[in-house]
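Asker: There's a structure below that I have some questions on.
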Amino acid sequence: MKFRKQLTLLLTMTGLGLLSHGTAFAETRTELWAKESQGYGAKLPYIRYEAEEGVGRDAVLKHSTAYDEVEMEASNQSYVQLTKEDSSVRFTVKKTANAMTLRFTMPEDASGELEISVERNGELLGKKTLELDNSSAWQYVKENDVFDENIADSHSRFRFDERHFLLENDSKELMELETGDVLTIRRTDKKADELGIDFIELEQAPEAKEAPESSISITDAPYSAVPNDGQDDSKAFLDALKDADAENKTLYIPEGTFDFDQKLVLSATDMRITGAGIWYTRLHFTSEEQAGGGIEFLDSSSNVEMDNLYMDSELKSRFHQEANYKGIAGVLGENSKLHDLWLEHFECGIWVGDYVEADKMKYTDKLTVSNSRIRNNFADGVNFAQGTKNSKVQNSNIRGNGDDGLATFASKAVLEIKENVNGVEQVRYIHTESKPAENNAFLNNTVELTWRASGIALHGGANHRIEGNLVKDITSGPGLRVSTVFPGYNFDDNQNISIKRNLLIQTGTDNDFYGNALASIHFEKLYGDMKKITVADNRLINSPHGKYSGNFYIPEEGTTEITLRNNEEKSIDVEPMLAEEEKNFAPLSEEEKLAEEQKKAEELKKAEELKKAEELKKAAVQAEQAKHEGEQPDYDGALNIELHDQEEIPVTANFKLYWFSGETEENGRTVRYWVKKLEGIHLDESMEYSFEDGTKVFNFTPDDIPEYIPISGTAFVEDYYYEGEDWIRWESPEGLQYVKIRYWSPKEA
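Everything in the sequence shown is counted per our numbering, starting at 677 for the first residue and increasing by one.
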């Protein structure tokens, strides 16, 4: 029988798995919104676990819809505060997973530490330590500008950030969670700063993707980029891309972190840029300066496919809307595809448009952005500008951004260029005279937790579609916005803008940073009128400021140019659900505290036993090595085979752990057959065992009939030689387990 040990996740040793305030009630808020949102939004492979769904210990459930409170930026306007060292929240795993995303909050310039642990059937399985800081978060909004410092009359925002990681234990072994496991997040730092958990997302990350056929890797010679070395890989990337483009090959970026200290400006045509997957390949831009990073496609680019990459940066500021530091920017010609990407901590995730003189303008046509995650950027998630047309974003998650989550902008940019001519600063202007954006679409996306502006916005243009999206928890602006508030083209050329079959949950604000209350769907005109806009068959739930608002009068039935039809609005009272959730965070009773203390004492005892067992094993191995020092195994050329597995046994194996089962001659060579003495071992629940890495270890002699050795009263190092160990499958009263058998021979023998 061949057996490979399955690694499972543990993140810390806590006693939280045994006590529960959990109350079974008909429906949580998470279950409610999942039911209401069927058929809307993106379908991505993770399951979200809201912190308020968990069970807390010395933790506080925070909930508020009040403007400027931290809670308003949280999903469902609720998060769980881990108030001190050892406070925690735990979840029951609903589906197998090996990767996790954590959304958290802490005060500006704070840091903290968490341990994440998993229990299975009451046994602790593994641990992971997670260091947190919020160096990429915290901004201050005042009217139309965003500041890095808290200035007078500003509003703090971007107070949540995220970390994502494969569920590797502290020994870097990948761990697999199973349905029913209990995952606990425990705070381990002693700092006074608040630390809050909004939610986690768990998913099964696929294996890393290998290089496609006919590809060039940036790690190949002569490019020779080295992952995870902290060195600049810009030249390797650009040189490899140039050759791949010339040779009609794919550019491949393998597993690991590759660092770039500059913006990557490139031209690519009819080619693919791909990585090992969003959990494996990271393009990390190290500059904090304006225009210091991201990827910009020159207007000679076309038909580009870019996929399976995670990109982030060290940008810490929007630089008063002049950061010029997008994740992906520029012109992508015709038929380009951006998919399976994860973009985070840029000025914008994706901004599409050309910014040159009118006679040199090029355009992006039929671009598709799909199956991507665009999160926690200082400004827009995706913006189709400067005449981008026939393009779409679909089945993507757009979260935690600091301007419109998704926008199409019929801009006609005029650029101010400052130049030094003979020591004198001069200003010239570039008039792009770009065409209007048209025929763009946002389809079946989830847009959530935007902390400034709207979820989805149309700023002029023609014949756009917004359909099938889930827009949720937009509390500093409207869920959907239609406007002509920016210079450029208005809606004069529009024949049919369609905003249909979207779901808006908890959207709208009582202050847009100018003191205006905005509804879930907001219309605003400045540089032109609305024209031929249809808003129909949308659903709005818990909109605190109503369905529609505008800076002009909009009757319920609409106007001659704005059709409002069959947009359902309803209110759901979530207070009873919130009251039930709060029960899971009630303080422990004295009896429960006593039981927790007893459990902790038992775990400490097990930890001490584990430490002793590890020391014992190390000493035993050293003793065995000393015993056999200078010996060489006898070898007569025979082939040794395990009878049942039919696998070769190396000549260096300890044959005391096998029964001899006979030999034959095959092709002039002796073949000896052996059977593992494991097959003569029978375990029962009365036998003593130790724990190592969450695995039970039993001790036996390698006699012809293996004899069980109890732990109590046995001096293993003093009285025994360590002989080796193996795995065995045990149908225990607790269910199927894989445990370890360790063999010892008495020294007097």
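Backbone N, C-alpha and C fix where the C-beta goes; we use that ideal spot for every residue, glycine too.
Drop a sphere of 10 angstroms on the beta-carbon of Ile1248, count the other beta-carbons inside from all chains shown, and report buried for 16 or more, exposed for fewer.
Answerer: For the purposes of this step, residue 1248 is taken as the residue at position 572 of the sequence shown. Ile1248 should be labelled exposed.
Asker: What do you get for Ala999, buried or exposed, if any count of 16 or more other CB atoms within 10 angstroms of its CB means buried?
Answerer: Walking along the sequence shown from the start, residue 999 turns up at place 323. Ala999 is buried by the Cβ-count criterion.
Asker: Determine whether the beta carbon atoms of Asp975 and Asp1030 lie at a separation below 8 Å.
Answerer: Your numbering for residue 975 matches position 299 in the sequence shown. Your numbering for residue 1030 matches position 354 in the sequence shown. It is a contact, given that the beta carbons lie within the stated cut-off.
Asker: Look at Ala901 and Ala912 and say whether their C-beta atoms are less than 8 Å apart.
Answerer: The sequence position of residue 901 within the sequence shown is 225, counting from 1. The sequence position of residue 912 within the sequence shown is 236, counting from 1. Closer than 8 Å, so yes.
Asker: Do the segment 758-778 and the segment 849-865 touch if we need at least three Cβ pairs shorter than 8 Å?
Answerer: These segments touch.
Asker: Would you decide whether Ala868 is buried or exposed? Buried here means 16 or more other CB atoms lie within 10 Å of its CB.
Answerer: Taking the first residue of the sequence shown as 1, we reach residue 868 at position 192. Label assigned to Ala868: exposed.
Asker: How many angstroms separate the CA atom of Val858 from the CA atom of Glu726?
Answerer: Locating residue 858 in the sequence shown gives position 182, counting from the first residue. Locating residue 726 in the sequence shown gives position 50, counting from the first residue. Answer to the nearest angstrom: the Cα atoms are 15 Å apart.
Asker: Touch check for the segment 779-790 and the segment 878-886: three-plus C-beta pairs under 8 Å?
Answerer: Output reads no: the segment 878-886 does not touch the segment 779-790.
Asker: Leaving aside the five residues before and after Asn1330 along the sequence, list all residues of the same chain whose C-beta is less than 7 Å from its C-beta, in chain order.
Answerer: Indexing the sequence shown from 1 puts residue 1330 at position 654. Same-chain partners within the cutoff: Glu1399, Gly1400.
Asker: Thinking C-beta only, is Ser1087 closer than 8 Å to Ser1110?
Answerer: Position 434 of the sequence shown holds residue 1110. Position 411 of the sequence shown holds residue 1087. Contact flag set, yes.
Asker: Pull up the distance between the alpha-carbon of Asn1187 and that of Leu1082, whole angstroms please.
Answerer: Taking the sequence shown and counting its residues from 1, the one referred to as residue 1187 is at position 511. Taking the sequence shown and counting its residues from 1, the one referred to as residue 1082 is at position 406. Straight-line Cα distance between these residues: approximately 21 Å.
Asker: Thinking just about the alpha-carbon of each residue, which of Glu931, Thr1239, Thr1064 is nearest to the one in Met1428?
Answerer: No information on residue 1428 is available, as it lies outside the stretch 677 to 1425 that the chain covers here.
Asker: Expressed to the nearest angstrom, what Euclidean distance is found between the alpha-carbon atoms of Gly1155 and Gly1078?
Answerer: The residue you call residue 1155 lines up with position 479 of the sequence shown. The residue you call residue 1078 lines up with position 402 of the sequence shown. C-alpha separation (whole angstroms): 14 Å.
Asker: Measure from the alpha carbon of Val765 to the alpha carbon of each residue in Asp785, Glu728, Tyr743, then state which is nearest.
Answerer: Working through the sequence shown from its first residue, we reach residue 765 at position 89. When each option's Cα is compared against that of Val765, the closest is Glu728.
Asker: Below 7 Å CB to CB, which residues in the same chain sit around Thr805 once its five sequence neighbours on both sides are set aside?
Answerer: For the purposes of this step, residue 805 is taken as the residue at position 129 of the sequence shown. Glu789, Glu791, Asp846.
Asker: DSSP three-state call for Ala1212: helix, strand or coil?
Answerer: Position 536 of the sequence shown holds residue 1212. The answer is strand: DSSP assigns Ala1212 an E or B state.
Asker: Taking C-beta to C-beta, are Pro1422 and Tyr1396 nearer than 8 Å?
Answerer: The sequence position of residue 1422 within the sequence shown is 746, counting from 1. The sequence position of residue 1396 within the sequence shown is 720, counting from 1. Cβ atoms of Pro1422 and Tyr1396: closer than 8 Å.
Asker: Under a three-way DSSP split, which group does Leu1333 fall into?
Answerer: For the purposes of this step, residue 1333 is taken as the residue at position 657 of the sequence shown. Correct three-state label for Leu1333: helix.
Asker: Could you tell me which residues DSSP pairs with Tyr725 in its beta bridges?
Answerer: Within the sequence shown, residue 725 is the residue found at index 49, counting from 1. Paired residues: Ile876.
Asker: Buried or exposed for His996, going by 16 or more other Cβ atoms inside 10 Å?
Answerer: Working through the sequence shown from its first residue, we reach residue 996 at position 320. Burial call: exposed.
Asker: Given Gly1313, which residues of its chain have a CB within under 8 Å of its CB, disregarding the five upstream and five downstream residues?
Answerer: Looking up residue 1313 in the sequence shown gives position 637. Taken in chain order, the residues that qualify are Arg1345, Thr1346.
Asker: For the structure I just gave you, are there three or more beta carbon pairs, one from the segment 1047-1055 and one from the segment 1018-1027, closer than 8 Å?
Answerer: Yes, the segment 1047-1055 is in contact with the segment 1018-1027.
Asker: Below 6 Å CB to CB, which residues in the same chain sit around Glu1407 once its five sequence neighbours on both sides are set aside?
Answerer: By 1-based counting over the sequence shown, the position of residue 1407 is 731. Contacts found: none.
Asker: Would you kindly work out how many angstroms separate the C-alpha atoms of Glu1256 and Glu749, rounded to a whole number?
Answerer: Within the sequence shown, numbered from 1, the residue matching residue 1256 stands at position 580. Within the sequence shown, numbered from 1, the residue matching residue 749 stands at position 73. So the two alpha carbons sit approximately 22 Å from each other.
Asker: What would DSSP say about Gln1413, mapped onto helix, strand or coil?
Answerer: On the sequence shown, residue 1413 is found 737 positions in, with the first residue counted as 1. Strand, per DSSP.
Asker: If distances are taken between C-alpha atoms only, which option among Asn1139, Asp915, Gln1322 comes closest to Asn1115?
Answerer: Here the question's residue 1115 lines up with position 439 in the sequence shown. The shortest C-alpha separation from Asn1115 is found at Asn1139.
Asker: Provide the residue span of the alpha helix (DSSP H) that contains Met1253, from first to last.
Answerer: Here the question's residue 1253 lines up with position 577 in the sequence shown. 1251-1259 is the extent of the alpha helix (DSSP H) around Met1253.
Asker: Between Asn1166 and Gly953, what straight-line distance do the alpha-carbon atoms span, to the nearest angstrom?
Answerer: To locate residue 1166, count along the sequence shown from 1; it is residue 490. To locate residue 953, count along the sequence shown from 1; it is residue 277. Answer to the nearest angstrom: the Cα atoms are 40 Å apart.
Asker: May I have the straight-line CA-CA distance separating Phe1085 from Phe1060, to the nearest angstrom?
Answerer: The residue given as residue 1085 occupies position 409 in the sequence shown. The residue given as residue 1060 occupies position 384 in the sequence shown. Cα-Cα distance, rounded: 6 Å.
Asker: Quick check: what's the CA-CA separation for Gln907 versus Phe936?
Answerer: Mapped onto the sequence shown, residue 907 falls at position 231. Mapped onto the sequence shown, residue 936 falls at position 260. Taking the straight line joining both Cα atoms gives about 8 Å.
Asker: Based on the DSSP secondary-structure assignment, which residues constitute the bridge partners of Gly1234?
Answerer: Along the sequence shown, one-based indexing puts residue 1234 at 558. DSSP, once it has assigned bridges, lists Thr1239 as partnering Gly1234.
Asker: Throw me the rounded Cβ distance for the Phe1376 and Glu1383 pair, which I believe falls under 8 Å.
Answerer: Position 700 of the sequence shown holds residue 1376. Position 707 of the sequence shown holds residue 1383. Indeed, because the Cβ distance is near 6 Å, the residues count as touching under 8 Å.
Asker: Would the beta-carbon of Thr1160 fall within 8 Å of that of Gly1191?
Answerer: Taking the sequence shown and counting its residues from 1, one reaches residue 1160 at position 484. Taking the sequence shown and counting its residues from 1, one reaches residue 1191 at position 515. No, Cβ-Cβ distance for Thr1160 and Gly1191 is not below 8 Å.
Asker: Comparing alpha-carbon positions, which option in Tyr1229, Asn1011, Leu1194, Leu1119 lies nearest Leu1179?
Answerer: Walking along the sequence shown from the start, residue 1179 turns up at place 503. Comparing Cα positions, the closest option is Leu1119.
Asker: Assign Tyr928 to buried or exposed, taking buried as 16 or more other Cβ atoms, counted over all protein chains shown, within 10 Å of its Cβ.
Answerer: Your numbering for residue 928 matches position 252 in the sequence shown. Tyr928 should be labelled buried.
Asker: Give me the Cβ distance between Val736 and Gln757, rounded to the nearest whole Å; I'm assuming they're in contact under 8 Å.
Answerer: Position 60 of the sequence shown, counting from 1, holds the residue named residue 736. Position 81 of the sequence shown, counting from 1, holds the residue named residue 757. Confirmed, about 5 Å.
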